[in-house]
Amino acid sequence: MRILALETAAKAVSAAITEDGRILASGYQDTGLTHSRTLMPIVECLLRNTGLRVADLDAVAVSAGPGSFTGVRIGVSAAKGLAFAGDKPAAAVSTLAALARNAAFADGLIVCAMDARRGQVYNALFEAREGALTRLTPDRAIALPDLAEELRGDPRPKTVLGDGGRMCRGFLEEAGIPSRLAPPHLLMQNAMSVALEAEDLARAGGLVSAQDLAPVYLRPPQAEPLSARKAALEEAKAR
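Counting from 1352, one number per residue, gives the positions in the sequence shown under the numbering used here.
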C-alpha cells in the first residue's frame, strides 16, 4: 500500500510517502512560515522526486487532530482535496497516536504532549514494549498538574515527546517525577509516523471517503467562545 501523509497539527509542517512500511520520501519544515504556504510545495516536491502522481497512491492520510485549529484545518482541507482529485480513500490519523510511534523503541511509558495553551497539553499515554505500543488513555486535553498526579508513583520509565514535550517534562521534573525527553530528531510530530499509522488503520478497515474525512478538535476553537460572548453582549445591549 502506498500512502501520502500530511502533518500540520503543530508548528512544524511535513509530508511523507510510504509503501508497505517503507519510507519512500519525506519533507519537513519548521521555519515559522504558515502551513498554507509551505505544505503543498513539499507535497509537490515529493511527488516529483519520486516520479509518482496522486493516481499512483492508494490513500491520502492526515494528522486530523488534536492540534492547532488552523493547522489541523489546513491539513484536513489539503488531504480532502488530494483525495477528491485522485478519487482515493483517506485516513484520519490521531496526531498523538502517530507521535507515540516516534518513541516506540523506548520501553516504558510514552507521554505525548502537545501545547494546548491555558496550562494544558493535548495528551495520550501509551506503553511501549519491544517496539509495540499499547494505548492507555484516549486523546484528551489535560492540565499539567492533573497529568503529574496521574503519573506520580508509576515506576515505569517515562519518555516525553511532542511540541509541548519540553514544557511538560520541565513541569514533571519540578513535581519530582523523573522523565526523559525524546531526542531532537524524534521529539516533534512528523508525517512519516502519520503514514505508518495510516497503514495500520487501512489494514483494520479504517479508511474513509474524502467527503467523510473530518478534523478532530478536543476543544472548540477560541474564536467560537469569543464570538458567542460577543453575540451575548450584543443581545444584552439590544434589550
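Using N, Cα and C, we set each Cβ at its ideal position, and we do this for glycine too.
Quick caveat, the model's predicted, so the values are computed rather than measured.
Let me know if residue i comes out buried or exposed under the rule of 16 or more other beta-carbons within 10 Å of its beta-carbon.
{"i": "Gln-1573", "result": "Caution applies to Gln-1573, whose pLDDT of 47 falls short of 50 and renders its modelled position unreliable; the model cannot decide the point."}
{"i": "Thr-1359", "result": "buried"}
{"i": "Ser-1560", "result": "exposed"}
{"i": "Val-1427", "result": "buried"}
{"i": "Ala-1555", "result": "exposed"}
{"i": "Glu-1550", "result": "buried"}
{"i": "Phe-1477", "result": "buried"}
{"i": "His-1386", "result": "buried"}
{"i": "Leu-1384", "result": "exposed"}
{"i": "Arg-1520", "result": "buried"}
{"i": "Thr-1389", "result": "buried"}
{"i": "Pro-1392", "result": "exposed"}
{"i": "Thr-1369", "result": "buried"}
{"i": "Leu-1447", "result": "buried"}
{"i": "Leu-1606", "result": "Any property of residue 1606 remains undetermined from this structure, which presents the chain solely from 1352 to 1590."}
{"i": "Pro-1566", "result": "buried"}
{"i": "Asn-1474", "result": "buried"}
Just list the residues that DSSP pairs residue i with in beta bridges.
{"i": "Arg-1520", "result": "None; Arg-1520 has no bridge partner."}
{"i": "Leu-1355", "result": "Ile-1368 and Val-1411"}
{"i": "Tyr-1379", "result": "Ser-1365"}
{"i": "Leu-1403", "result": "Answer by DSSP bridge pairing: none, since Leu-1403 is not bridged."}
{"i": "Thr-1510", "result": "Ile-1461 and Arg-1531"}
{"i": "Ala-1360", "result": "Looking at the DSSP assignment, Ala-1360 forms no beta bridge with any residue, so it has no partner."}
{"i": "Ala-1492", "result": "Tyr-1473"}
{"i": "Ile-1374", "result": "Thr-1369"}
{"i": "Val-1559", "result": "Ala-1441"}
Between which two residues does the beta strand (DSSP E) harbouring residue i extend?
{"i": "Phe-1477", "result": "1471–1480"}
Looking at the secondary structure, which residues open and close the alpha helix (DSSP H) in which residue i lies?
{"i": "Ala-1499", "result": "1495–1502"}
{"i": "Asp-1551", "result": "1542–1554"}
Tell me, please, whether the region 1437–1444 touches the region 1400–1408 by the rule of three or more beta-carbon pairs shorter than 8 Å.
Contact between the region 1437–1444 and the region 1400–1408 is present, because at least three Cβ pairs lie under 8 Å.
Counting pairs of Cβ atoms below 8 Å between the region 1455–1469 and the region 1499–1512, do you hit three or more?
Segment contact: the region 1455–1469 against the region 1499–1512, three or more CB-CB distances shorter than 8 Å; contact assigned.
Which runs of the alpha helix (DSSP H) at least 4 residues long sit entirely within the region 1413–1485? Give them in chain order.
Every alpha helix (DSSP H) stretch that sits fully inside the region 1413–1485 and reaches 4 residues is listed by chain position as 1420–1437 and 1446–1452.
Is it true that the region 1413–1429 meets the region 1360–1375, where meeting means three or more beta-carbon pairs spaced less than 8 Å apart?
Verdict: yes, contact present.
Can we say the region 1512–1523 touches the region 1441–1460, given the rule of at least three CB pairs closer than 8 Å?
Flag = yes, the region 1512–1523 and the region 1441–1460 touch.
Okay, do the region 1532–1543 and the region 1480–1492 touch, 3+ Cβ pairs below 8 Å being the bar?
By the C-beta criterion, the region 1532–1543 is judged not to be in contact with the region 1480–1492, since fewer than 3 inter-stretch pairs fall below 8 Å.
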